[in-house]
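Student: Got a structure here, written out as structure tokens. Questions coming.
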Amino acid sequence: MSELSILGRRLPKVNAWAHLTGTARYADDIALPRMLYGRLLRSTKAHARIVSVDISRALAYPGVVAIVTGADMPEKMGIMPSTQDETALAVDKVRYVGEPVAAVAALDEDTAFDALSLIDVTYEDLEPIFTIEEALERDDVKIHDTSKRANVFKEVHLSFGDLEAGFAKADHVREDWFFFEGNTHAPLESHAAVASYDGDGKLTLWTCTQVPHYLHRELEKVLGLPRSRIRVIATPNGGAFGGKSDPFGHEFAAALLSMRTKRPVKITLDREEVFYAHRGRHPVKMRIKTGVKKDGEITAVEFQSYLDGGAYASYGIATTYYTGALLTVTYRVPAYKFDGVRVYTNKPPCGPKRGHGTTQPRFAFECQLDKIAADLGLDPIEYRLRILQPPNTRTVNDLRITSMGLGECLTAVKNATGWTRKREELGIGKGIGVAGSAYISGAGLPIYWNEMPHSGAEIRIDRGGGVTVMCGTAEIGQGSDNMLAAVTAEALGIYPEDVHVVSGDTSLAPVDLGSYSSRVTMMAGNATKNAGLKLRAQLFEVAAEKLGVPADRLNAAYRRIYDQKDPERAMTFVEAANLAEARYGTLVAAGSYKPPAGIGGNYKGAGVGPTPAYSYQAAVAEVTVDLETGQLTVDKITTAHDCGRALNPANAEGQVEGSAYMGYGEAIVEEQIFRGGLHKKPSLLDYKLPTSLDTPVLEAILVETMDSEGPYGAKEAGEGPLNPVIPAIANAVFDAIGVRFDETPITAEKILDALGKRDNRGVPKDRIGPTGLSEGKSDPKRAMRRLTASTDARERKKTDARPAGAGPRIGRD
Amino acid sequence: MTKTMLTLRVNGETHTVAAEPHHTLLEVLREELALTGTKHGCELGECGACTVLIDGIPVLSCLTLPLQVGKGEILTVEGMAKGPQLDPLQTAFAEEGAAQCGYCTPGMLLSARALLDANPRPTRDEIAQAISGNLCRCTGYTAIYEAVEKAAQRV
């Protein structure tokens, strides 16, 4: 391959200028003539039957134009077709405080807000369920009738290799419980949507969504309007992090209100509502048992996860599988068993947050590995380097690994931090800790079963040399628009600023499944590259003829097409484009991408985990603990990340630093917690986001492994780097004060408790964390045994009933 | 509610608008003057996204009533560039990747502008202090420090 001219350079993002001059148009910035303003009425009950919703008083309020309730949109919806358990607005029942019940459209926002208090909802209280343990045990209370047992949403049981033999071979076995507290994305932009149902019977919805294509499908289903008459435009997201990747009630409400009134309708959530929309990190209790030889080689891992899903499915089926799927891709694991269960509780639904489902088990596993290293007297970095899963292999659960840079990442953070010296020299109260991790570059399967590409891109060349790239990706701040422009520019030998990007528009751009699971660079990047290379071939054909040079000797860069042997023999990009258009007609090419077959196994549940390529990362955290106040200060986080190839190093580093920041917040302070059914801190004052003064020094190191599957070698950079940060901090705290924090967040109060200084009677502890599922009140294994038995029975029945040769079934049971 | 006539000096221009007297400066800028570059993240004074400068001082427009501003000179992100010439901060933010989703960026730029006006060669601690009222959820602040330092060197 010729040397790259655009990729690998630290160029400003093509969309930076709009952000920096205030001209970027986010959803709430849109104002249309005759536009109405909508507000949602939200449930004040955690669990209640809706006896009646009376809108007559509100409808009579001056300035109110229309009101819709759950009864107007009874169709079930949800991001995963197999588990749709939600309605746009609550029907019959409310399942969490903050669930939308009705929506008002009025001439102005103040009027809409005032009218909410005039909607009379009569509720009949039902007993709420708030904990994983209650949800597992309480058969008498059903949050959803669909739960076969108690309030279980989904349970999964997978086993690979000979677990018994593995543990029998072990010289040392550790079993630990962990708890990862739930937390939320808190993007600075609150959700907003503007719907306009026009005279031609077509609906346009501008909304800050990560998944315009999936939303498009759900709008059709709920509104009963053919998709051909709906256009979804994903506006630039003011931060998303997974929190804008579900279809939301306000999007449907704005659409229906616009259809009813034939006027544009805007609904913007306020900050408190964003905490109810949630879909954030699941609280997860975990038990992990690992057997190792004397030298640390892992012989078997048994992992159980208990996820508190909140009131609805969201991505829960995938989240559940993800808690178990990726534990095998970092270190050699010859035998592995995974049992996972996700339950419903009466709290805002949990969903995907940066690192989706892998962050919690990675915390548990990397903390446990740190303990194992200590048990065996091994240096934690040397230990990890010794047990690495090799590149170009398959894991015990049949995941295909291509490039694998975890070793380089661990070595990089070791060298950059002065690890060895600091491990020896740091005194009490000062600590240094490490962790590794991995993430996917896009999910191997789409959310709904289909054989079509995961991403499509279309490139058009204008006669003046301008180029337009169209792709359904959503720009959420991760730099996807810039990636599209840069890959297009690289393929055609022009500059990113020559490229006009049309993204996130279901009418103008080919389908891309969306900005989730860190799939965009891998999939939309490959689709764009494929489209670009088609046009490049056409340009080279006419240029070769004109210049009298074989096409394979040509290169395109800096708006020129030239002979690589004699660069003076050249023509401009515009000249070539004009010649090509004269020969071929209008210059348009489409490219698409679908992950290759055979990257995962063929068992039930094999659909979650495979990816075209895994990213790898390692982090070292350096901390100071104040032994009197319990205050934990994270001084520095150094993260090395294997991103395949950094298409734009400045942007890739920004993703690594941003991930470290977000992981840091989760480790020390952030928690989405409740008192009864009430959110304890639904504001940015109480739900603390780290400020500039809190945030540690962050150093990002990029490791390039040039992946064979990635576009120009690239893998993901946006999610994986969060994962190692949290266990690295917990391990550093152990190094500082000798206390294991097997739960998050690691607050000053918990540290004081561990030091025995929280009150006069305090006794020092060597560990903070759960000891079982019900804090010792009942046998923690009982619930899982019952689940296993019932699943086994059901599986037997299904296997008997299913025709031979039926393929893997994921997310569709 | 009866609207009140307001005369505001914004980005060097005089604007007279009718607005509800309880509406905040943030609302008036965005809804009456269509200056949507000023963002809102909480409307409770917690996030800093709505920061504007009034006579050079950073102010949370979501906690400010227009009537309080009087004859004060309001500067929003739309007024940072001098004609076609971008503010050095804007250029540096682009070069350093200091704007990811871009939502905190207008407020961040204005806080940084006020800092550089008062202290042309700030240390990193001083930058951290100056932007501590502006939450950023994307960058971890590192690229923002680098951008402010770069802009300071160029002024």
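Protein sequence lines correspond, in order, to chains A and B. The first sequence: position 419 = 419 (the numbering used here), numbered continuously. The second sequence: position 134 = 947 (the numbering used here), numbered continuously. For glycine and all other residues, C-beta sits at the position ideal for the given N, C-alpha and C.
#1: Give me the Cα-Cα distance between Gly807(A) and Tyr603(A), rounded to the nearest whole angstrom.
#2: Find the nearest neighbour of Thr837(B) within the set Asn824(B), Gln966(B), Leu819(B), judged by alpha-carbon distance.
#3: Please report whether the beta-carbon of Ile317(A) lies at a distance below 8 Å from any beta-carbon of chain B.
#4: May I ask which residues mark the beginning and end of the alpha helix (DSSP H) holding Ala214(A)?
#5: Whose C-beta lies closer than 6 Å to the C-beta of Asp171(A) among residues of the same chain, with five residues either side of it excluded?
#6: Is it true that the region 63 to 81 of chain A meets the region 104 to 115 of chain A, where meeting means three or more beta-carbon pairs spaced less than 8 Å apart?
#7: Identify the contact partners of Thr889(B) in chain A, using a Cβ-Cβ distance below 9 Å as the criterion.
#8: Could you please give me the residues that DSSP links to Leu203(A) through a beta bridge?
#9: Short of 7 Å in beta carbon distance, which residues of its chain neighbour Val396(A), apart from the five on each side in sequence? Order them along the chain.
#10: What does DSSP give as the partner residue(s) for Arg49(A) in the beta ladder?
#11: Distance check for Glu382(A) and Val697(A), CA to CA, integer angstroms please.
#12: For Cys471(A), report the span of its beta strand (DSSP E) as first-last.
#13: Give a yes or no on whether 8 Å exceeds the smallest Cβ distance from Pro919(B) to chain A.
#14: Taking Ile751(A) as part of the alpha helix (DSSP H), name the residues at either end of that continuous run.
#15: Contact criterion: CB-CB distance below 8 Å. Does Glu908(B) meet it with respect to chain A?
#16: Contact defined as beta carbons within less than 8 Å: I believe Arg227(A) pairs with His216(A). What is the distance between those atoms, to the nearest angstrom?
#17: Decide if Pro236(A) is buried, meaning its Cβ has at least 16 other Cβ atoms within 10 Å, or exposed.
#18: Once the 5 residues before and after Ala969(B) are set aside, which same chain residues still bring their CB inside 7 Å of it?
#19: Between Gly405(A) and chain B, is any beta-carbon pair separated by less than 8 Å?
#20: Rounded to whole angstroms, how far is the Cβ of Leu219(A) from the Cβ of Ala105(A), which I believe are closer than 8 Å?
#21: DSSP on His828(B), reduced to helix/strand/coil?
#22: If contacts are defined as beta-carbon pairs under 8 Å, then Asn450(A) and Gln617(A) qualify, I think. What distance do you get, rounded to the angstrom?
#23: Please classify Gln360(A) as buried or exposed, where buried requires at least 16 neighbouring CB atoms within 10 angstroms.
#24: Under 8 Å, do Arg174(A) and Lys371(A) count as touching if we go by C-beta distance?
#25: Contact between the region 754 to 761 of chain A and the region 452 to 465 of chain A is defined here as three or more beta-carbon pairs at a separation below 8 Å; is this criterion met?
#26: Looking at chain A, which residues of the region 854 to 865 of chain B have a Cβ within less than 8 Å of any of its Cβ atoms?
#27: If the cut is a Cβ gap below 7 Å, which residues of chain B does Asn237(A) touch?
#28: Note down, in chain order, every chain B residue with its Cβ under 7 Å from the Cβ of His19(A).
#29: With which residues is Leu866(B) paired in a DSSP beta bridge?
#30: Name the chain A residues that come within less than 8 Å of Ile944(B), Cβ to Cβ?
#31: Is there at least one Cβ from chain A nearer than 8 Å to Ala960(B)'s Cβ?
#32: I need the DSSP call for Met571(A), collapsed to helix, strand or coil.
#33: How far does the alpha helix (DSSP H) with Lys13(A) in it reach, from first residue to last?
#34: For Ala193(A), return the contacting residues in chain B, with the cut-off set at a CB-CB distance below 9 Å.
#35: What does Thr877(B) touch in chain E if you count any residue whose Cβ is under 9 Å from its own?
#36: Is Leu839(B) close to chain A, meaning its C-beta is less than 8 Å from at least one C-beta of that chain?
Tutor: Well, looking at it:
#1: Note that Gly807(A) has pLDDT 41, beneath the 50 cutoff, so the model's placement of it is unreliable and the number below is only indicative. C-alpha separation (whole angstroms): 8 Å.
#2: Leu819(B)
#3: no
#4: It should be pointed out that residue 214(A) corresponds to Tyr in this sequence rather than to Ala. That run of the alpha helix (DSSP H) goes 212 to 223.
#5: Lys293, Lys294
#6: yes
#7: Gly22
#8: Tyr197(A), Ile230(A)
#9: Phe160, Gly161, Thr328, Val333, Pro334, Ala335, Tyr336
#10: Lys93(A), Glu124(A)
#11: 25 Å
#12: 467 to 471
#13: yes
#14: 748 to 754
#15: yes
#16: 6 Å
#17: buried
#18: Residue 969(B) lies beyond the range of chain B shown here (814 to 968); nothing can be said about it.
#19: no
#20: That pair is no contact at about 17 Å.
#21: strand
#22: So it is not a contact: roughly 32 Å between Cβ atoms.
#23: buried
#24: yes
#25: no
#26: Gly854, Cys855, Glu856, Leu857, Glu859, Cys860, Ala862
#27: Cys914
#28: Ala912, Gly915, Thr918
#29: Pro871(B), Leu888(B)
#30: Ser692
#31: no
#32: strand
#33: Where Lys13(A) is concerned, there is no enclosing alpha helix (DSSP H), given that its DSSP letter is neither H nor E.
#34: None at all; the shortest Cβ gap to chain B is about 16 Å.
#35: The structure shown has no chain E; the protein chains it does contain are A and B.
#36: no
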